[in-house]
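J.: Heads up, the sequence shown is in our numbering, so the first residue is 6 and it goes up one at a time.
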Amino acid sequence: MSSVSYEAWMQAQQSVLGSVLIDDRCASFLVFGLAEEDFCESYRSLYRAIRELYTTGKPVDPVAVLNVVGDSYKDFIVQLMNITPTAANCKMYVDIVKQQSRVLKLRDTGLALSRISTEEEGAELLANAASETVRDDGDVWSLAQGFSDWMHRYQKKPDYLDWFIPQLRRMIRAEKSDYFIVGARPSAGKSAFALQAALYWAVVCNKRVGFFSHETSREKLMDRLVACASGVPMDAIKERTLDDKQMEAVCSISSRINSAPLFLFSAAGRTVQQMQDRALYKRLDIVIVDYLQIVAAPGNDEYTQVTAVSKALHTMCQRFGIFCLALCQLSRTKTDKSGHAQRPRLEDLRSSGQIEQDADGVFFLHPLEEPDKPRELIIAKNKDGALSITKLAFDGARQQFRFIGKGQQPLKPFDYSSYVMPSQVDQYPQLCMDVETPFDAEQKEGCAGER
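Okay, structure coming up:
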């Protein structure tokens, strides 16, 4: 073995473990980025302890880790914390551990090859090396494994994502790991639709929802959320002119808002990787991106950047079982012969055809040239269901979408003031994002619905 590689591997292991011990927000990097075999024998107990605490939703701190591994590790844990000055470079340490672990395995294989006496021994060593360095992360199933899993899933009631518009529940079978797009032209109500969905998912479905806004401040988002939940007009909220009845309406939803696991992130200039890091730390079930074309990404032109963003969001959903709803701008409005705006189509998704290719479902919001300008919600792509068009009323003053029934009258909005929250208690302790994180020391982030 190369002593340089071995020393780098040992130091990186110490730095990763030390980072987690001094800042538990790094635990997701260790759990999702490394495997037990990436650590030397003396450090594997700590890795297993941290993984156990993290995956069961318990605090990952020195006392909790020590409780799992035993008092004999006390001095070692203190030493790791003392030699790790900062947790800011944890992700880099994870990459070093992974790289050096594989390099050392390959070098061990090289030494073993120098001592072989038959071709068969060499072939076996090379096959073992391939299986070690190209690790099977569970991405391959035999037919028997797949059928066994299907039988197990069939015994359970399907867990499809609920929607704040009842008609969508029957048409959309969205699951965790799905990637959905809401496309519309400017001022059609994309953000309002997404915020109303976020509020419903957090309050009614008890899903952990992260709203990543790349262009709107958290304060403006909160104004819209309060208007949507309480039914108080935006003008009164903006001008601070709520009368007694309106203030009573706001106070009536305060307990639901305060206990809802909905988090607002200022994401301007952020990449998908940075959003993913925060999603894993917050254990989010749902990520909402507003909006896709302005997410930071490498590339010299918009097509390359948007293509990379869409692929990365799709990969995040698949790898970590997160549902993503990404908002998307459309290309310029097209008109028919009479001068009316045409319904948007999949080819109108701006900047990249990759969006259509990656998405499990695509919605369009299309304003109609009628009194009160209702919207058509067009389901243009639906991998597991039918395509359809649903008519919605949009109350911009209260930031509410409502289904228009057969009598052409909008249904009543959801009443958050009388809704009783599920008794399920959130098992995951949270740290407010106002505290600087190792991912982004230069910008503080706040959160809505912080426990």
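Virtual Cβ for every residue (Gly too), placed ideally from N, Cα, C.
#1: What's the gap between the Cα of Tyr-48 and the Cα of Glu-42?
#2: For the alpha helix (DSSP H) containing Asn-72, list its first residue and its last residue.
#3: Cβ of Tyr-23 within 8 Å of Cβ of Thr-89?
#4: Taking just the CA atoms, how far does Leu-51 sit from Ser-77?
#5: Measure the CB-CB distance between Phe-406 and Ala-189 and report whether it falls below 8 Å.
#6: Going by the CB atoms, is the gap between Asp-365 and Leu-184 shorter than 8 Å?
#7: By the DSSP assignment, the alpha helix (DSSP H) with Gln-278 in it spans what residues?
#8: Can you grab the Cα-Cα spacing for the pair Glu-244 / His-219, in whole Å?
#9: Rounded to a whole number of angstroms, what is the C-alpha to C-alpha distance between Leu-26 and Arg-178?
#10: For a quick check, are the C-beta atoms of Ala-92 and Cys-31 less than 8 Å apart?
#11: Please tell me whether Arg-213 and Arg-288 are closer than 8 Å, where the distance is taken between their beta carbons.
#12: Under 8 Å, do Val-102 and Ala-232 count as touching if we go by C-beta distance?
#13: Identify the continuous beta strand (DSSP E) that holds Lys-396 and give its terminal residues.
#14: Out of Ala-272, Tyr-159, Ile-293, state which residue places its alpha-carbon closest to the alpha-carbon of Ala-207.
#15: Using C-beta distances below 8 Å, list every residue in its chain close to Val-237, excluding the 5 sequence neighbours before and after it, in chain order.
#16: Taking C-alpha atoms, which residue in Cys-95, Asp-290, Gln-347, Arg-324 lies nearest to Glu-381?
#17: Cutting at 7 Å between CB atoms, please list the residues of its own chain near Asp-363, excluding the five before and the five after it.
#18: Please list the terminal residues of the continuous beta strand (DSSP E) segment that includes Ala-331.
#19: Using 10 angstroms around the beta-carbon of Arg-283, count the other beta-carbons present and answer buried if the total reaches 16, otherwise exposed.
#20: I need the straight-line Cα distance from Asp-2 to Ser-336, nearest angstrom please.
T.: With the structure as the only source:
#1: Between the alpha carbons of Tyr-48 and Glu-42 lies a gap of roughly 10 Å.
#2: Looking at the DSSP string, the run of the alpha helix (DSSP H) that includes Asn-72 is 67–74.
#3: Here residue 23 is Gly; the residue named in the question, Tyr, does not match the sequence. In this structure, Thr-89 lies closer than 8 Å to Gly-23 by Cβ.
#4: Spanning the two alpha carbons is a distance of roughly 12 Å.
#5: In this structure, Ala-189 does not lie closer than 8 Å to Phe-406 by Cβ.
#6: The sequence as given places Tyr at residue 184; Leu does not occur at that position. Yes.
#7: Where Gln-278 is concerned, the enclosing alpha helix (DSSP H) starts and stops at 277–286.
#8: Straight-line Cα distance between these residues: approximately 25 Å.
#9: Computed Cα separation, rounded: 40 Å.
#10: Going by C-beta atoms, Ala-92 is nearer than 8 Å to Cys-31.
#11: Arg-213 places its beta carbon less than 8 Å from that of Arg-288.
#12: Not closer than 8 Å, so no.
#13: For Lys-396, the uninterrupted beta strand (DSSP E) run begins and ends at 393–400, by DSSP.
#14: It is Ile-293 whose Cα lies nearest to the Cα of Ala-207.
#15: These residues qualify, in order along the chain: Val-231, Leu-247, Gln-251, Ala-254, Val-255, Arg-403.
#16: Selected option, being the one with the closest Cα: Gln-347.
#17: Correct list, in chain order: Tyr-184, Ser-315, Lys-316, His-319.
#18: Taken as a continuous stretch (DSSP letters only), the beta strand (DSSP E) holding Ala-331 covers 328–334.
#19: The residue is buried, with at least 16 neighbouring Cβ atoms inside 10 Å.
#20: Limits of the chain in this structure are 6 at one end and 456 at the other, which puts residue 2 out of reach.
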